[in-house]
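In this note's numbering, the protein residues as written are 13 to 142. Glycine included, C-beta positions come from ideal geometry on N, C-alpha and C.
Below is the structure:
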């Protein structure tokens, strides 16, 4: 479920990146909504990796990371938008913030896929699906 949600997030970033008409944004909203399939499974996967007495710390760290991204993200992406849309920009591209998001999300998917793969290797063989 997590990979499906991340895939829809990638599609949404591509859609926003190249949307040139207002109606296109409404079409992309569908992918954006499906991206929310990611949050609960990611928290569940992370919770399964730590003991019961560390669950509060884990959820606190995850919430702190989310809060930091909500502070840093708008600053970074506003700067990126300004760099690609001002009148002296070498290359005019108003979708630059979404291109940046696409690249970061793609890297996050690679890290996630590799880490889940490593975690599955460490599980006892009798609980893995055949």
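- [ ] Let me know the secondary structure DSSP gives residue 139 once reduced to three states.
- [x] Here the model assigns residue 139 a pLDDT of 46, short of 50, so the residue's position is not dependable and the matter cannot be decided.
- [ ] Decide if residue 69 is buried, meaning its Cβ has at least 16 other Cβ atoms within 10 Å, or exposed.
- [x] exposed
TODO: Measure the beta-carbon distance from residue 25 to residue 110 and round it to whole angstroms, keeping in mind my assumption that it falls under 8 Å.
DONE: 5 Å
Open item on the list: What does the alpha-carbon distance come out to for the pair residue 101 and residue 67?
Closed with: 47 Å
Task: Alpha-carbon spacing of residue 99 relative to residue 44, whole angstroms - done: 31 Å
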